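Down below is the structure, laid out as structure tokens.
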Amino acid sequence: MSASGKFVSGGIVAVTAAFGIGVYYAQVYGYYETFSQGDVSLTSLESGQPERIPVTTFEGIDADSSPIRYRACFTTTLSTALLTETFTTLDKSEPRNAPDWFECFDANQIGEDLEARLATAYMGQANYEFGIDRIVAIYDDGRGFVWHQINDCGDKLYDGSQASDNCPERDQ
59 MSASGKFVSG GIVAVTAAFG IGVYYAQVYG YYETFSQGDV SLTSLESGQP ERIPVTTFEG
119 IDADSSPIRY RACFTTTLST ALLTETFTTL DKSEPRNAPD WFECFDANQI GEDLEARLAT
179 AYMGQANYEF GIDRIVAIYD DGRGFVWHQI NDCGDKLYDG SQASDNCPER DQ
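Residue numbers (the working numbering): 59 to 230.
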């Protein structure tokens with residue numbers, strides 16, 4: 059191979075590597091905003107509306123690039139007995155992975171603990187954004203985690219099929 063061929067090949071590899079690094083950085087770090095203050099709400103059994111619960115420590119991340127990038131970690135002083143008697147619990151929820159650098163949120167562990175009933179999942183707010191529910195998991199010791207999850211209306215929106223009559227009107 060000639061020197062100019064090696065130069066062109068090396069340039070292509072360098073540009074490709076730089077592009078790959080840029081895409082990786084944008085996906086894992088670039089779009090996220092971190093914050094240390096936030097509210098946590100759970101849907102009341104009585105009113106059907108989200109109600110704020112007391113939260114002590116709070117860490118969160120979010121990104122404008124996707125409605126399901128929200129994650130938060132917090133602690134609360136409310137007991138599991140009070141929470142389960144007052145707020146809507148969920149039988150099935152699936153925590154979404156967070157970037158590795160957001161160390162307080164381990165989706166695999168939270169998911170395993172929900173299945174083992176070591177934590178309880180609650181509806182934070184149905185259709186927080188059209189097709190997206192805010193889900194909250196809380197352990198008996200008060201540790202809590204929040205994420206967004208696509209609901210049935212969102213599944214229909216993204217797969218292009220007809221939304222059911224149970225879906226709210228979509229804001230355009």
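All C-beta atoms, glycine included, are put in the ideal place defined by N, C-alpha and C.
Just so we're clear, the structure is a prediction, and the values are computed from it rather than from any experiment.
Enumerate in chain order the residues of its own chain whose CB-to-CB distance from residue i is below 7 Å, with the five nearest sequence positions on each side excluded.
i	result
Thr115	Phe132, Thr133
Leu103	Thr144, Phe145, Thr146
Asn155	Ala165
Ala96	First, the amino acid is wrong: residue 96 is Gly here, not Ala. The answer, listed in chain order, is Phe116, Gly118, Ala130.
Which residues in the same chain have their Cβ closer than 6 Å to the Cβ of residue i, if we skip the five residues on either side of it in sequence?
i	result
Gln230	Only weak support exists for where Gln230 lies, its pLDDT of 49 falling under 50; the value from the coordinates is given anyway. Correct list: empty, nothing qualifies.
Ser151	Ala179, Ile193
Glu187	Pro125
Val71	none
Once you ignore the five residues that flank residue i on each side, which residues in its own chain have a CB closer than 8 Å to its CB?
i	result
Thr135	Pro112, Thr114, Gly200
Ile232	Lying before the first or after the last residue shown, residue 232 is absent from the chain, which here runs from 59 to 230.
Ile168	Pro153, Ala177, Ala195, Phe203
Taking the straight line between their C-alpha atoms, what separation do you get for residue i and residue j?
i	j	result
Phe145	Asp198	15 Å
Ser123	Ser99	23 Å
Val204	Arg129	5 Å
Gln183	Glu109	9 Å
Ile193	Gly202	10 Å
Tyr90	Ala61	43 Å
Trp159	Lys64	38 Å
Ile174	Cys162	As written in the sequence, residue 174 is Ala, which differs from the Ile given in the question. Rounded to whole angstroms, Ala174 to Cys162 spans 20 Å at the Cα level.
Candidates the options: which alpha carbon is nearest residue i's?
i	options	result
Asp171	Glu91, Asp149, Ser105, Trp159	Asp149
Met181	Ile196, Cys211, Glu173	Ile196
Gly118	Ala139, Phe93, Asp97	Phe93
(message) Restricting to runs no shorter than 4 residues, where is the alpha helix (DSSP H) found entirely within the region 116-191?
(response) Listed in chain order, the complete alpha helix (DSSP H) runs (minimum 4 residues) inside the region 116-191 are 138-144, 165-173.
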